[in-house]
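*Asks:* This structure is in structure tokens; I'll ask about it shortly.
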Amino acid sequence: MSTVPRCVASCRLRGAVASYPVLDRQPRFGLRPQRTTVIGLCTDPPPDTRVICADELGPVIPRTFPPAPGWSPDGHRIKAVLDYARGPEKTWVYGALRPTDGQALTMTAPSRSSTHYQAFLQRLEKANPAGTLMVVTDNLSSHHSKSTREWPADHPRIQHPFIPVGACWLNLQEGWWRLFRKAALAGQSFATPDEIDRATHIATTQLNTSARSWVWGRPAPPTRTMRRRFEYRL
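Quick note, the numbering used here runs 40 ahead of the 1-based positions in the sequence shown.
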């Protein structure tokens, strides 16, 4: 007869993250350490530690517009030719969300490289001057390149807990991108990267004005007081 507990065996077969209420810093068979580490940081961060979720959005490509047509010599109506071409200039949006208060920080860059990622980390460090920064992000090449691994030697406050492959839902920045797209990119056509940068700055400022703390998980539904209550009268 097998001696493996039933709840542990179910976690192993169905691939659950963790059996409630076991989440973090508890060695147990059947748990996934990378996932439970990220969940533990978001729900119960260590003292003097700020958890920040970071990610990149893009590329956002500006659209090329032909010059406005002038008046024809004979006075007939000008018919503009439809042009759906996209320009060679690309813009990436770096974003970081602080779940405790919902404040976000964004930066635009022409490419997604280690140099621009390190510049974004410098902005994060300047915006959060106290405590250790746990930057939760995915395992991209620019996030774990040689120069990026050597960069924290001069910035010991920044640490990187990477999320595993196929678990993007662990990064709360993915949910913030949905609000950002609606505020900055939906229904807009940009001609230059400067317009994308301006829209990014305005949308980030507006979202930070009404920001709230991000709660991990879905709250419990309200209790129905009259549920399955019947009255019988004779």
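Every residue gets a Cβ at the ideal spot worked out from N, C-alpha and C, and that includes glycine.
Keep in mind that this is a model prediction, so the values were computed, not measured.
Taking just the CA atoms, how far does S250 sit from T155?
*Replies:* So the two alpha carbons sit approximately 32 Å from each other.
*Asks:* Looking at N168 and R90, is the spacing between their C-beta atoms short of 8 Å?
*Replies:* Yes, these two residues count as a Cβ contact at 8 Å.
*Asks:* Using alpha carbons as the reference points, say which of A193, G142 and G98 lies closest to S153.
*Replies:* The option with the nearest alpha carbon to S153 is G98.
*Asks:* List the residues that DSSP assigns as beta-bridge partners of V175.
*Replies:* Bridge partners of V175: I92.
*Asks:* Straight-line CA distance for L63 to L247?
*Replies:* Its pLDDT being 49, under 50, L63 is placed unreliably in this model, and the value from its coordinates should be taken loosely. Their backbone Cα atoms lie some 31 Å apart in a straight line.
*Asks:* In three-state DSSP terms, what is Q199?
*Replies:* Three-state DSSP puts Q199 in a strand.
*Asks:* So, at 6 Å on beta carbons, what are the nonlocal neighbours of F160 in its own chain, with the 5 sequence-adjacent residues on each side left out?
*Replies:* Excluding positions up to five away in sequence, the list reads Y134 and M147.
*Asks:* Counting C-beta neighbours from all protein chains within 10 Å, is the total for D95 16 or more, i.e. buried, or is it exposed?
*Replies:* D95 is buried by the Cβ-count criterion.
*Asks:* Quick check: A311 and A136, are their CB atoms within less than 8 Å of each other?
*Replies:* This structure does not reach residue 311, given that the chain is present from 41 up to 274, and the question cannot be answered.
*Asks:* According to the Cβ coordinates, are D88 and T172 closer than 8 Å?
*Replies:* Cβ atoms of D88 and T172: closer than 8 Å.
*Asks:* Measure how close the beta-carbons of P102 and P233 come, nearest whole angstrom, since I'm counting them as under 8 Å.
*Replies:* So it is a contact: roughly 6 Å between Cβ atoms.
*Asks:* From W254 to D141, what does the alpha carbon distance come to, in whole angstroms?
*Replies:* Those two C-alpha atoms are separated by around 7 Å.
*Asks:* Would you mind stating whether I79 and V175 have Cβ atoms separated by less than 8 Å?
*Replies:* Contact: no.
*Asks:* Measuring alpha carbon to alpha carbon, tell me which residue in F202, K166, P196 and E165 is nearest H183.
*Replies:* Of F202, K166, P196 and E165, the residue nearest in Cα terms is F202.
*Asks:* Span of the alpha helix (DSSP H) holding W290?
*Replies:* Missing from the structure shown is residue 290; the chain here goes from 41 to 274 and no further.
*Asks:* Tell me which residues share the same chain as D237 and place their Cβ nearer than 7 Å to its Cβ, disregarding the 5 neighbours each side in the sequence.
*Replies:* Excluding positions up to five away in sequence, the list reads T148.
*Asks:* On the DSSP letters alone, give me the boundaries of the alpha helix (DSSP H) that R210 sits inside.
*Replies:* The sequence given here places Leu at residue 210; Arg does not occur at that position. No alpha helix (DSSP H) holds L210; DSSP gives it neither H nor E.
*Asks:* Inspect the beta-carbon positions of R197 and E235 and report whether they are closer than 8 Å.
*Replies:* Cβ atoms of R197 and E235: not closer than 8 Å.
*Asks:* Using only alpha-carbon positions, find the residue among N211, Q228, P261 and S229 that is nearest to T177.
*Replies:* The option with the nearest alpha carbon to T177 is N211.
*Asks:* A223 by DSSP, collapsed to three states: which one?
*Replies:* A223: helix per DSSP, three-state reduction.
*Asks:* From which residue to which residue does the beta strand (DSSP E) around R138 run?
*Replies:* Element bounds for R138: T131 to R138.
*Asks:* CB of E214 to nearest heavy atom of the ligand MG: below 7 Å?
*Replies:* The ligand MG is not among the ligands present in this structure, which contains no ligands whatsoever.
*Asks:* So, are the CB atoms of T245 and A224 less than 8 Å apart?
*Replies:* Contact flag unset, no.
*Asks:* So is W216 buried or exposed if we call it buried at 16+ other beta carbons inside 10 Å?
*Replies:* Under this definition W216 is a buried residue.
*Asks:* Do A243 and R75 have their C-beta atoms within less than 8 Å of each other?
*Replies:* Contact flag unset, no.
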